[in-house]
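Presented below is the structure to which this report refers.
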Amino acid sequence: MKKKIRLNKILELLKQKKLKKDLFINNITNLKDAKKGDLSLCINFKYIEELKKTKASACITSKKFLKYVPTNCIPLISKEPEIDYINVLQIFYKDFIFDNISIEVLKKNQIKKKFKNIFFGQNFICDKNTKIDKNCKIGHNVVINKNCSIGKDVIIGSNVILSNCIIESNVVIGDGSIIGKKGFGFKFLNGKLMRIPHIGKVVIKQNSEIGSLCNIDRGSLSDTVIGEYTFLDNQIQIAHNVKIGNYCMIAAQVGISGSSIIGDNVSIGGQSGISGHLKIGNNVKIGGKSGVVKNIEDNKTVMGYPAIDFREFIKKNLTK
Amino acid sequence: MKKKIRLNKILELLKQKKLKKDLFINNITNLKDAKKGDLSLCINFKYIEELKKTKASACITSKKFLKYVPTNCIPLISKEPEIDYINVLQIFYKDFIFDNISIEVLKKNQIKKKFKNIFFGQNFICDKNTKIDKNCKIGHNVVINKNCSIGKDVIIGSNVILSNCIIESNVVIGDGSIIGKKGFGFKFLNGKLMRIPHIGKVVIKQNSEIGSLCNIDRGSLSDTVIGEYTFLDNQIQIAHNVKIGNYCMIAAQVGISGSSIIGDNVSIGGQSGISGHLKIGNNVKIGGKSGVVKNIEDNKTVMGYPAIDFREFIKKNLTK
Amino acid sequence: MKKKIRLNKILELLKQKKLKKDLFINNITNLKDAKKGDLSLCINFKYIEELKKTKASACITSKKFLKYVPTNCIPLISKEPEIDYINVLQIFYKDFIFDNISIEVLKKNQIKKKFKNIFFGQNFICDKNTKIDKNCKIGHNVVINKNCSIGKDVIIGSNVILSNCIIESNVVIGDGSIIGKKGFGFKFLNGKLMRIPHIGKVVIKQNSEIGSLCNIDRGSLSDTVIGEYTFLDNQIQIAHNVKIGNYCMIAAQVGISGSSIIGDNVSIGGQSGISGHLKIGNNVKIGGKSGVVKNIEDNKTVMGYPAIDFREFIKKNLTK
């Protein structure tokens with residue numbers, strides 16, 4: 270999956286001048302998480318401070334950001350930095366552009382031999398590198414694709430499809446849920462469709478429960494995370510990079526858009542939607558069918574579309 | 270599944286003093302439906318009248334309700350009646366805490382032999398105690414778990430999962446729908462997660478039609494019911510204990526929260542949501558994307574979020 | 270599926286007087302698309318102009334429309350034209366009343382032999398007349414029912430169910446999506462349930478992508494169409510006869526009701542709903558969770574429930 274690549278090979282691909290002293294690029298990450306040997310991207314002034322402090326060894330960016338690139342980082346100046354970046358991502362993570370199903374699945378007798386103290390139903394289709402801890406119960410027609418690991422005492426319903434995920438112990442996953450597929454990420458740049466590889470995972474922490482017919486998409490660069498003791502009802506859509514805290518309760522048909530962060534002990538009423546890139550504080554309560562379009566501070570109760578303070582919502586709508 | 274238990278064994282578990290004259294508890298139900306030999310619960314003044322008249326032989330409750338307990342009923346006074354109640358439910362209905370898949374499924378040749386005048390597709394996975402009447406058509410990859418009975422002339426799509434349900438004659442169920450799984454029921458009591466066993470069923474009455482990718486959860490104590498000649502479109506969520514009348518039409522992506530009761534001849538527009546514990550009258554029309562938060566009388570037409578009288582909605586929103 | 274029927278046989282069925290000079294009816298279509306030999310219906314003054322110009326050889330209608338029926342078209346005057354029409358549809362298209370699964374599926378070795386340069390997963394269930402072009406990748410537990418054809422380089426996720434559809438080249442379909450089942454179409458006429466056969470298909474044009482757990486229902490008379498380079502996220506409901514243009518982006522949990530037409534380059538935010546029989550222009554942007562209840566002109570941006578001009582929505586809701 271991941272492989273070291275010479276920076277000069279990347280420069281060649283981007284049709285840029287090669288370096289005299291070549292180096293290996295280990296990985297591609299965001300500016301903040303990048304380590305020595307990593308390649309990153311900066312195309313937004315919002316991330317200037319992170320650019321200044323980045324430990325990345327190289328960064329694709331445009332001319333105007335050049336002066337903020339620290340000395341440990343080789344700037345790769347590009348006229349189309351986003352296109353170049355996606356192109357490089359696609360080289361590193363070719364397998365993550367589409368959701369390829371597992372080709373190397375275990376045979377029936379291999380499953381029986383490998384998973385001795387696990388109960389599994391009929392027609393269990395399981396990638397050969399899957400790790401499953403003891404006492405799990407796995408339903409009928411379950412598909413486990415590549416890059417999955419499952420903790421102990423986990424219950425997985427029938428027709429569930431898992432890929433690229435870490436399911437911790439004591440988690441319950443309802444029938445027909447689909448976890449770890451790629452997010453809704455692509456760009457039309459200069460009229461050309463660019464598919465963004467999604468290289469993050471889904472992490473479902475211990476003691477959580479996912480309902481039936483839910484989608485939890487894997488992250489693009491970082492992971493999508495569901496915290497401990499967090500309960501999701503049915504038909505919920507969790508987009509890529511979303512992080513949900515512990516002890517949350519999310520009712521049916523809720524949708525959370527990409528990269529939003531939900532605190533601990535948050536309850537969200539049925540059919541509510543939360544826009545992308547928002548921050549919802551701890552102990553927040555969101556009434557049913559709300560449309561949240563901005564950040565919410567800790568301990569607030571909101572409702573409405575767009576969501577406003579709950580008492581205001583009541584005053585405005587339910588009194589005369 | 271259900272079994273008689275000595276009341277003294279329950280008292281022992283609840284760390285209460287045993288009775289001199291023991292008796293058998295047959296079942297656990299609500300105050301209203303309880304018969305001689307049943308155990309019930311009262312923790313809410315709303316149910317005082319039902320408590321006074323209950324036929325239950327014993328009732329877990331708190332001190333303040335003691336004076337309303339009738340003489341035929343042994344009061345089990347508890348400081349934490351809800352916790353004690355869930356604990357007792359969990360003893361009686363251990364199998365209903367999680368959605369365990371059927372382990373005892375029929376083999377291919379057993380299916381052929383048992384269901385002679387039924388058409389079934391490939392990879393049909395069926396619990397050995399399932400009853401299916403004549404002339405049914407069952408799609409591919411269908412899973413029928415425990416406690417299901419299916420009337421005649423029923424059509425079941427592919428990838429459908431059934432558990433704990435009674436499907437009457439002439440019903441149609443669309444591809445990928447999941448019927449009879451446990452509802453979204455749990456409590457955090459004194460910081461401890463308590464999972465409530467869901468011991469009701471789903472009943473789908475004759476001539477009704479369920480769309481594709483729908484969820485109909487089974488009831489907690491009572492059943493979830495879909496009436497006769499009632500049509501559900503796709504991606505609909507029906508929570509536990511909901512009762513829907515006859516001749517209703519429910520458009521796609523509607524969600525109905527737990528324990529709400531819908532009358533006859535009700536039409537509900539797409540993406541509408543109905544809060545829990547509401548009563549919607551007969552011949553009610555609910556416009557698309559409405560959010561219903563209070564009871565609606567017979568023959569009303571409503572729309573909006575929150576839903577209001579339809580003419581008022583039009584006046585407020587669509588005229589200038 | 271389709272078969273010629275003598276008009277006198279239809280008249281006999283409708284208990285009408287037979288013609289002296291009988292003719293063959295080839296097909297049933299709307300007034301506009303009807304050719305010589307076809308039968309059509311007119312029950313609505315909205316379609317008078319189309320009636321006047323129709324090429325249909327016969328038309329079921331009521332007395333008041335008689336004078337508009339052109340000379341090439343035999344009027345079949347009925348007191349209950351809609352009931353008669355559905356009855357005739359049901360004779361022609363008996364197989365399209367319910368979603369019958371494919372009975373004649375290929376055996377494992379037949380699949381291997383027929384689809385040589387296609388990758389397919391475990392438990393692939395495929396109707397024997399299916400056409401699949403080269404380089405396709407098909408997931409696990411996929412069901413392909415009758416009347417499907419699939420272009421080259423198509424990727425189909427696991428648990429997908431296809432029926433009555435044309436999938437063009439380079440299309441991606443996410444896990445668990447259900448494409449081509451019948452729409453939500455029935456009538457209660459004079460207290461009798463009439464199921465309307467859905468005889469259209471779903472056409473997904475090249476380079477488009479459908480997310481996971483989506484429904485796209487086939488058309489009633491015409492097709493349901495998804496244009497080129499159009500991207501749908503997860504849990505989307507597209508009803509019968511909807512036509513979506515090219516280069517559209519539709520976020521998760523959106524629902525589009527029957528017969529609506531969406532232009533090119535339209536973006537629709539998550540959880541939005543669009544009522545039936547609407548026309549949404551080109552380059553329209555619809556904000557998240559909007560409820561669209563009327564036509565939208567080209568280049569407009571709208572939001573709200575009901576959806577209004579975006580600046581007006583902001584002024585009304587997000588400023589003080």
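Residue numbers (the numbering used here), protein chains in the order written: chain A, 270 to 589; chain B, 270 to 589; chain C, 270 to 589. C-beta atoms are modelled at their ideal positions from N, C-alpha and C, and glycine is treated no differently. Only a predicted model underlies this, so the values are computations on that prediction, with no experimental measurement involved.
Worksheet entry | Beta-carbon gap between C:Ile430 and B:Asn428 smaller than 8 Å | yes
Discussion item. Does the structure place the segment 376 to 390 of chain C close enough to the segment 301 to 314 of chain C that three or more beta carbon pairs sit under 8 Å?
Written reply: no
Practice prompt. Give a yes or no on contact between the segment 441 to 454 of chain B and the segment 385 to 400 of chain C, applying the rule of three or more CB pairs nearer than 8 Å.
Written response: no
Fill in: Expected contact under 8 Å - CB spacing of A:Lys286 and A:Leu280 to nearest Å
7 Å
Discussion item. Does B:Phe293 pass the burial test, meaning 16 or more other C-beta atoms within 10 Å, or should it be called exposed?
Written reply: exposed
Worksheet entry | Assigned exposure category for C:Phe216 - 16 Cβ within 10 Å defines buried | Absent from the structure is residue 216 of chain C, since the part of chain C shown begins at 270 and ends at 589.
Discussion item. Let's see if you can read the secondary structure: which residues bound the alpha helix (DSSP H) around C:Leu237?
Written reply: Examination of residue 237 of chain C is not possible in this model, given that chain C is present from 270 through 589 alone.
Practice prompt. State the Cα-Cα distance for the pair C:Lys600 and C:Ile519, rounded to the nearest angstrom.
Written response: Past the edges of chain C, shown from 270 to 589, lies residue 600 of chain C, and the structure says nothing about it.
Worksheet item: Among C:Tyr362, C:Glu497, C:Ile465, which has the Cα closest to the Cα of C:Lys474?
Response: C:Glu497
Fill in: Spatial distance of B:Gln540 from A:Gly560 (CA atoms)
14 Å
Discussion item. Taking CB distances under 8 Å as the criterion, tell me whether C:Ile424 reaches chain A.
Written reply: yes
Item to complete: Over the uninterrupted alpha helix (DSSP H) stretch that includes B:Val357, give me the two end residues.
Response: 350 to 361
Discussion item. Distance check for A:Val411 and A:Phe393, CA to CA, integer angstroms please.
Written reply: 5 Å
Worksheet item: Which residue's Cα is closest to the Cα of C:Lys336: C:Lys406, C:Leu320, C:Glu349?
Response: C:Leu320
Fill in: chain B contact residues for C:Ile333, given Cβ-Cβ distances below 8 Å
Checking the displayed sequence, the identity of residue 333 of chain C turns out to be Lys instead of Ile. What C:Lys333 touches in chain B: nothing, since even the nearest Cβ is about 28 Å away.
Discussion item. Counting only Cβ pairs nearer than 7 Å, list the residues of chain B close to A:Gln379.
Written reply: Those do not exist, as A:Gln379 stays about 20 Å from chain B at its closest Cβ, beyond 7 Å.
Worksheet item: Just checking, does the segment 508 to 528 of chain A make contact with the segment 472 to 488 of chain A on the three C-beta pairs under 8 Å criterion?
Response: yes
Discussion item. Given this structure, state the Cα-to-Cα distance separating A:Ile329 from B:Lys377, to the nearest angstrom.
Written reply: 59 Å
Worksheet item: Roughly how many angstroms separate the alpha carbons of A:Lys415 and A:Gly449, rounded to a whole number?
Response: 10 Å
Item to complete: Report the neighbours of A:Tyr498 on chain B: residues whose CB is nearer than 7 Å to its CB, in chain order.
Response: Leu462
Fill in: Helix, strand or coil at A:Ile380 [DSSP, three-state]
helix
Worksheet item: Mind pulling the chain B residues with CB within less than 7 Å of C:Gln506?
Response: Asn503, Gln504, Ala521, Gln522
Worksheet item: When every heavy atom of the ligand GTP is checked, does at least one fall within less than 7 Å of the C-beta of B:Leu375?
Response: This structure lacks the ligand GTP, and indeed carries no ligand of any kind.
Fill in: Whole-number beta carbon distance between C:Gly542 and C:Ile527, since they are thought to touch under 8 Å
For clarity, residue 527 of chain C is Gly in the given sequence; the question names Ile instead. Wrong, their Cβ atoms sit about 12 Å apart, outside the cutoff.
Practice prompt. Step through the CB atoms of chain C and report whether any lies within less than 8 Å of the CB of B:Met270.
Written response: At B:Met270, the pLDDT of 43 sits below 50, so the modelled position is not reliable and the matter cannot be decided from this model.
Practice prompt. May I ask you to report which of helix, strand or coil DSSP gives B:Phe500?
Written response: strand
Discussion item. Below 8 Å, how does it come out for the segment 551 to 568 of chain C and the segment 527 to 537 of chain C: are there three or more Cβ pairs, yes or no?
Written reply: yes
Practice prompt. Consider the Cβ of A:Leu375: report whether some Cβ of chain C lies at a distance smaller than 8 Å.
Written response: no
Fill in: Cα-Cα separation between B:Asn476 and C:Asn369, rounded to whole angstroms
17 Å
Practice prompt. Output the boundary residues of the alpha helix (DSSP H) element that contains A:Lys585.
Written response: 579 to 586
Practice prompt. Check the Cβ of A:Asn428 against every Cβ in chain C and list those closer than 7 Å, keeping chain order.
Written response: Asn428
Discussion item. Looking at the secondary structure, which residues open and close the alpha helix (DSSP H) in which C:Leu320 lies?
Written reply: 317 to 322
Discussion item. Restricting to Cα atoms, I'd like to know which of C:Lys290, C:Ile424, C:Gly426, C:Ile447 is closest to C:Cys434.
Written reply: C:Ile447
Worksheet item: Taking the alpha-carbon positions, what's the A:Met270 to C:Leu482 distance?
Response: Note on A:Met270: pLDDT 43, under 50, position unreliable in the model; no value is reported.
Discussion item. Please return the same chain residues whose Cβ sits closer than 6 Å to the Cβ of C:Asn299, not counting the five positions on each side in sequence.
Written reply: Leu490
Worksheet item: Hey, does B:Gly526 have any beta-carbon neighbour from chain C nearer than 8 Å?
Response: Position check: residue 526 of chain B holds Ser in this sequence, whereas Gly was assumed. So no, B:Ser526 is outside the interface.
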